[in-house]
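Novice: With my numbering as the guide, the letters of the sequence shown map in order to residues 2 to 536. Can you keep this structure in mind? I'll have questions shortly.
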Amino acid sequence: MLARNLGANWVGHLLLSVAGFITLPIVLSRLGTEAYGLWVAVVSVIAYTEVLQAGLGETIVRALAVRIGREQWQACNTFFSFAVYAFALVSLLVAVAACGLWFVVIQFIPTSARLTHLVLPIAALVTLGTMVPLAFTPFSAVLWARERFDLVNAVAVGGRLAFLIAIIPLLHGERGILVLAALRLGIGAVSQVATVLLARRVMPTLRLVPWREARATYREIAHFTGWVFLRVVAGRTAGQSDVVILSLVRGPAAVAVYSIARSLVDYTQALLDKLEVISPTAAVLHGRGDRERMLRLFAASGKGATMLALAASSYLVVFGRELIKTWVGAGFADAALILDVLVIALIVKAPLLPSRSVLLATGEARQPALLAVLDAVLTLSLGIGLGIRYGAIGVAAGMAIPAVVVWGARFVPVLSHKLGISTWSVVRTLYLSPMRGAVLPLALCVAVAVLWRPSGYPALLGLVPVVGLLFAASFYVLGLDSSERNAVRELLRVAGRAVARAGARVGVRGGGHGAGVPARQPALRSATSEPHRPG
Numbered sequence: 002m003l004a005r006n007l008g009a010n011w012v013g014h015l016l017l018s019v020a021g022f023i024t025l026p027i028v029l030s031r032l033g034t035e036a037y038g039l040w041v042a043v044v045s046v047i048a049y050t051e052v053l054q055a056g057l058g059e060t061i062v063r064a065l066a067v068r069i070g071r072e073q074w075q076a077c078n079t080f081f082s083f084a085v086y087a088f089a090l091v092s093l094l095v096a097v098a099a100c101g102l103w104f105v106v107i108q109f110i111p112t113s114a115r116l117t118h119l120v121l122p123i124a125a126l127v128t129l130g131t132m133v134p135l136a137f138t139p140f141s142a143v144l145w146a147r148e149r150f151d152l153v154n155a156v157a158v159g160g161r162l163a164f165l166i167a168i169i170p171l172l173h174g175e176r177g178i179l180v181l182a183a184l185r186l187g188i189g190a191v192s193q194v195a196t197v198l199l200a201r202r203v204m205p206t207l208r209l210v211p212w213r214e215a216r217a218t219y220r221e222i223a224h225f226t227g228w229v230f231l232r233v234v235a236g237r238t239a240g241q242s243d244v245v246i247l248s249l250v251r252g253p254a255a256v257a258v259y260s261i262a263r264s265l266v267d268y269t270q271a272l273l274d275k276l277e278v279i280s281p282t283a284a285v286l287h288g289r290g291d292r293e294r295m296l297r298l299f300a301a302s303g304k305g306a307t308m309l310a311l312a313a314s315s316y317l318v319v320f321g322r323e324l325i326k327t328w329v330g331a332g333f334a335d336a337a338l339i340l341d342v343l344v345i346a347l348i349v350k351a352p353l354l355p356s357r358s359v360l361l362a363t364g365e366a367r368q369p370a371l372l373a374v375l376d377a378v379l380t381l382s383l384g385i386g387l388g389i390r391y392g393a394i395g396v397a398a399g400m401a402i403p404a405v406v407v408w409g410a411r412f413v414p415v416l417s418h419k420l421g422i423s424t425w426s427v428v429r430t431l432y433l434s435p436m437r438g439a440v441l442p443l444a445l446c447v448a449v450a451v452l453w454r455p456s457g458y459p460a461l462l463g464l465v466p467v468v469g470l471l472f473a474a475s476f477y478v479l480g481l482d483s484s485e486r487n488a489v490r491e492l493l494r495v496a497g498r499a500v501a502r503a504g505a506r507v508g509v510r511g512g513g514h515g516a517g518v519p520a521r522q523p524a525l526r527s528a529t530s531e532p533h534r535p536g
């Protein structure tokens with residue numbers, strides 16, 4: 002089940018990344034640098050309203066996963082119903098809070114006269130596009146708790162493809178930013194309808210109970226959600242503050258350059274976020290009291306995250322400048338230095354992201370929340386101070402320094418204490434062992450860059466699978482012990498048999514000639530972003 006979920010998530014992410022990689026330069030070229038920067042700034046500011054969900058979505062996923070593991074279906078309905086009522090209220094609160102943020106956008110983000118009159122309608126459409134997914138979060142939570150990430154990603158990929166197809170004929174000129182906001186809202190709404198239908202399909206027992214019954218779950222939800230809320234607020238503040246700070250101190254044009262580097266890092270970050278699929282599994286194991294398998298899950302997911310981060314970061318650092326020139330033009334080549342700084346934070350935080358999910362699945366929310374607050378405070382203070390002095394590169398440094406201080410120096414001891422293992426074991430498992438496997442492929446990447454100097458899409462994109470295979474092979478030989486290598490081989494055998502069985506079923510449906518298609522195709526979901534994650 003876990004292998005299927007990871008495979009579905011990573012395939013979905015690959016397709017979303019390809020679509021996003023194609024979409025960004027189209028949007029940038031048709032809107033212009035300033036209009037695109039304004040779009041990124043408005044979306045980032047309005048995204049702060051999502052903290053009003055108070056971490057409730059993540060709490061509901063955990064509660065549902067635990068009850069599913071115990072086959073307590075009526076309890077699932079009670080938690081689901083509480084979430085439906087709560088998120089209806091959250092959506093209304095988002096609308097109220099967004100009105101205040103519109104004032105911030107209009108008054109404090111410097112824009113040229115030709116764009117000023119567009120700011121308010123853009124902000125209104127973006128607000129509606131934020132409210133819709135929040136209102137339907139309980140249905141997304143059902144898919145997550147049932148571990149149907151194949152459906153989640155199918156909807157997201159379909160929505161992104163629909164968005165890409167729509168912008169090609171519709172997006173023209175600076176007024177195209179209104180079209181962009183309208184498409185985000187419309188495709189997102191259709192995606193939520195698909196999510197509702199899929200949630201009802203994967204959980205036929207799903208029912209809405211009256212509020213007087215649903216409110217009985219408040220005490221349990223509030224106990225866990227309080228700390229999750231604090232972490233969500235802090236995480237949103239740290240994650241969005243770089244774009245907002247830069248838009249305030251340097252304007253939308255600087256945001257456009259910064260967002261190029263940030264987008265490349267976000268593609269990798271989204272890939273790592275797919276490891277959150279372990280959270281429902283960890284919750285089920287915790288509900289069963291299976292600590293041994295929990296520790297194996299921690300080690301496997303942490304090592305995998307480190308390998309992915311090292312492979313992606315090596316490619317971005319070595320080939321990033323040429324990739325940016327080819328992707329969006331030589332005028333944005335300065336984004337390469339920003340990219341190098343942001344990669345530091347990625348390497349430090351990546352191995353610990355799955356571990357945080359394991360802790361949250363066990364009900365430990367206090368320490369991750371407090372560390373997230375510290376991260377947010379440092380990110381804000383350093384981002385403002387360094388951003389005013391050094392611009393985009395200063396804001397990037399304001400993101401990287403807290404990652405090293407908070408995640409590298411503080412979270413590791415907390416994690417070792419909670420899991421009952423030594424700090425050295427955590428460092429060795431998550432960092433040192435995988436890094437042994439990164440030395441050789443990194444050296445080969447540098448040699449290729451120096452001797453060959455690849456440029457253009459065929460060379461740069463062709464190197465992506467080559468670098469990935471080099472890191473995977475080196476990691477397998479040098480980064481894993483014998484038992485872990487045996488587990489990988491068994492996983493590959495299971496995956497191969499699953500693919501063969503799926504192919505055989507397709508052939509039978511096609512009359513025995515291999516020309517058939519599955520009887521059902523998953524419905525579509527998210528329009529312009531990664532799959533909506535509850536919480």
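We put the beta carbon where it would ideally sit given N, CA and C, even for glycine.
Select from I394, A397, F150 and A163 the residue whose C-alpha is nearest the C-alpha of D274.
Specialist: Nearest of I394, A397, F150 and A163 to D274, Cα basis: F150.
Novice: Closest to L166 by CA distance: which of I188, E148 and A146 is it?
Specialist: For clarity, residue 166 is Ile in the given sequence; the question names Leu instead. For I166, the nearest C-alpha among the options comes from I188.
Novice: Since A255 and L343 are thought to touch, with beta carbons under 8 Å apart, how far apart are those beta carbons, to the nearest angstrom?
Specialist: Not really, about 15 Å apart at Cβ, beyond 8 Å.
Novice: Can you tell me the Cα-Cα spacing of A76 and R68, whole angstroms?
Specialist: Whole-angstrom Cα-Cα distance: 7 Å.
Novice: Kindly indicate which three-state DSSP category H173 falls into: helix, strand or coil?
Specialist: DSSP places H173 in coil when its eight states are reduced to three.
Novice: For G392, which of C446, R31, R251 and Y316 has the nearest alpha-carbon?
Specialist: Here the closest residue by C-alpha is R251.
Novice: Taking L311 and I348 to be in contact with their CB atoms under 8 Å, please state how far apart those CB atoms are, rounded to whole angstroms.
Specialist: With 8 Å as the limit, L311 and I348 qualify as a contact, their Cβ atoms being about 7 Å apart.
Novice: Please look up how many angstroms separate the CB atoms of A404 and A336, rounded, as I've assumed it's under 8 Å.
Specialist: Not really, about 19 Å apart at Cβ, beyond 8 Å.
Novice: I need the straight-line Cα distance from G240 to S260, nearest angstrom please.
Specialist: So the two alpha carbons sit approximately 13 Å from each other.
Novice: Mind pulling the beta strand (DSSP E) runs of 3 or more residues that sit fully within the region 231-272?
Specialist: None, since the region 231-272 contains no complete beta strand (DSSP E) of that length.
Novice: What did DSSP end up calling W103 once you bin it into helix, strand or coil?
Specialist: In this structure, W103 counts as helix in the three-state DSSP scheme.
Novice: Under 8 Å Cβ to Cβ from F320, same chain only, skipping five residues before and after it: list those, please.
Specialist: Only C446, A450, P455, L461 and L464 meet the Cβ criterion.
Novice: Please classify V440 as buried or exposed, where buried requires at least 16 other C-beta atoms within 10 Å of its C-beta.
Specialist: Counting Cβ neighbours within 10 Å, V440 comes out exposed, since fewer than 16 surround it.
Novice: Curious, which full-length alpha helix (DSSP H) runs of at least 4 residues does the region 267-354 contain?
Specialist: Correct list: 279-289, 292-329 and 336-350.
Novice: Terminal residues of the continuous alpha helix (DSSP H) containing A124?
Specialist: Where A124 is concerned, the enclosing alpha helix (DSSP H) stretches over V120 to A136.
Novice: Just to confirm before moving on: does the CB-CB distance between S382 and V244 stay below 7 Å?
Specialist: Not closer than 7 Å, so no.
Novice: Between the C-alpha atoms of A257 and A48, what's the straight-line distance to the nearest angstrom?
Specialist: Going from the Cα of A257 to the Cα of A48 covers about 18 Å.
Novice: For V500, which residues of its own chain have a beta-carbon under 6 Å away from its beta-carbon, when the five flanking residues on both sides are left out?
Specialist: Below a pLDDT of 50, predicted positions are generally treated as unreliable, and V500, at 48, falls in that range; no measurement from the model is reported.
Novice: With a threshold of 16 other CB atoms inside 10 Å of the CB of A223, please say whether the residue is buried or exposed.
Specialist: The residue in question, A223, is exposed, as its Cβ has fewer than 16 Cβ neighbours within 10 Å.
Novice: How many Å lie between R526 and V158 at the Cα?
Specialist: Residue confidence for R526 is low, a pLDDT of 32 falling below 50, so the modelled location carries little weight; the figure read from the coordinates is stated next. Computed Cα separation, rounded: 7 Å.
Novice: Pairs of beta-carbons, one from the region 184-204 and one from the region 52-61, closer than 8 Å: are there three or more?
Specialist: Because the criterion of three Cβ pairs below 8 Å is not met, the region 184-204 and the region 52-61 do not touch.
Novice: Taking the straight line between their C-alpha atoms, what separation do you get for I123 and T117?
Specialist: I123 and T117: Cα-Cα distance of roughly 10 Å.
Novice: Restricting to Cα atoms, I'd like to know which of A182, S113 and A146 is closest to E72.
Specialist: Checked all of A182, S113 and A146; the closest Cα to E72 is A146.
Novice: Beta-carbon within less than 6 Å of F83's beta-carbon, same chain only, minus the 5 sequence neighbours each way: which residues are those?
Specialist: Same-chain partners within the cutoff: A215 and T218.
Novice: Taking just the CA atoms, how far does Y86 sit from S314?
Specialist: Near 42 Å, if we compare the C-alpha coordinates of Y86 and S314.
Novice: Output needed for V374: all residues of its chain with C-beta closer than 7 Å, excluding positions within five of it in sequence on either side, in chain order.
Specialist: Result list for V374: L231 and A235, in chain order.
Novice: Three Cβ pairs or more, each shorter than 8 Å: is that satisfied between the region 289-308 and the region 470-483?
Specialist: A contact exists between the region 289-308 and the region 470-483.
Novice: Would F104 be called buried (16 or more neighbouring beta carbons within 10 Å of its own) or exposed?
Specialist: The residue is exposed, with fewer than 16 neighbouring Cβ atoms inside 10 Å.
Novice: From the DSSP output, in three-state form, read off Q368 for me.
Specialist: If DSSP states are grouped into helix, strand and coil, Q368 belongs with the helices.
Novice: Taking 7 Å as the CB-CB cut-off, is G305 touching chain E?
Specialist: This model lacks chain E altogether; it includes just one protein chain.
Novice: Let's test the definition: count the other Cβ atoms within 10 Å of the Cβ of F88 and tell me whether it reaches 16, buried, or not, exposed.
Specialist: By the neighbour-count rule (16 or more Cβ atoms within 10 Å), F88 is buried.
Novice: What ranges does the alpha helix (DSSP H) occupy inside the region 432-469, keeping only unbroken runs of at least 4 residues that lie completely in it?
Specialist: Taking only runs of at least 4 residues, the alpha helix (DSSP H) segments lying wholly in the region 432-469 are 434-437 and 440-452.
Novice: Distance, Cα to Cα, V233 vs V329?
Specialist: Those two C-alpha atoms are separated by around 33 Å.
Novice: So the alpha helix (DSSP H) W212 belongs to, where does it begin and stop?
Specialist: W212 to A215 is the span of the alpha helix (DSSP H), which, as asked, contains W212.
Novice: Does the beta-carbon of I27 have 16 or more other beta-carbons within 10 angstroms, so that it is buried, or is it exposed?
Specialist: Exposed.
Novice: If you measure between the beta carbons of V480 and S434, is that distance less than 7 Å?
Specialist: Val is not the amino acid found at residue 480; the sequence shown has Gly there. Yes.
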